[in-house]
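Residues in the sequence shown are numbered consecutively from 1, following the UniProt record's numbering.
Positions of the beta carbon are idealized from the N, C-alpha and C atoms, including for glycine.
Here the structure is a predicted model, which means the values were calculated and not measured.
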Amino acid sequence: MAVDRKSRYATAPRVPWQRADGSLVELIAPMPRPARAAVFAATATDIDRLDTLAARYYRDPLKLWRIADAAAALDPFDAVVPGMAIAIPPDK
Numbered sequence: 001m002a003v004d005r006k007s008r009y010a011t012a013p014r015v016p017w018q019r020a021d022g023s024l025v026e027l028i029a030p031m032p033r034p035a036r037a038a039v040f041a042a043t044a045t046d047i048d049r050l051d052t053l054a055a056r057y058y059r060d061p062l063k064l065w066r067i068a069d070a071a072a073a074l075d076p077f078d079a080v081v082p083g084m085a086i087a088i089p090p091d092k
């Protein structure tokens, strides 16, 4: 499985897994979410998404995982709910 070399998953261990048909595939092992303390909180609107927030605050929509890591939600798609405060961690 190809992973961008700048991704935090680039050095993650790989785990073999056998499909129902007997073929083997290599999966990326789960990684713990890094602790990210928020600098401030932004109130999400109905048009906000992780990538639009990352573009607004980091000038890079690909840094959406910084915001997802700071959220309490397990699913990144649940991290932005209109009207809720969204933790915005530092860009480091």
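(Q) In the DSSP assignment, the beta strand (DSSP E) including residue 87 goes from what residue to what residue? (A) By one-based count along the sequence shown, residue 87 stands at place 87. Start and end: 85-88.
**Q.** Coil, strand or helix - residue 27 by DSSP
**A.** Your numbering for residue 27 matches position 27 in the sequence shown. In this structure, residue 27 counts as strand in the three-state DSSP scheme.
Q. With distances taken from CA atoms, which of 43, 83, 45 and 91 is nearest residue 65?
A. Translated into the one-based positions of the sequence shown, residue 65 becomes position 65. That would be 91, whose Cα lies nearest to the Cα of residue 65.
Q.
Let me confirm a value: residue 70 is counted as buried when at least 16 other C-beta atoms fall within 10 Å, else exposed. Which label applies?
A. In the sequence shown, counting from the first residue as 1, residue 70 sits at position 70. Classification of residue 70: buried, given that the 10 Å Cβ count is 16 or more.
Q: Could you give the DSSP three-state label for residue 41: helix, strand or coil?
A: As a first step, residue 41 is located in the sequence shown; it is residue number 41 there, counting from the start. DSSP places residue 41 in strand when its eight states are reduced to three.
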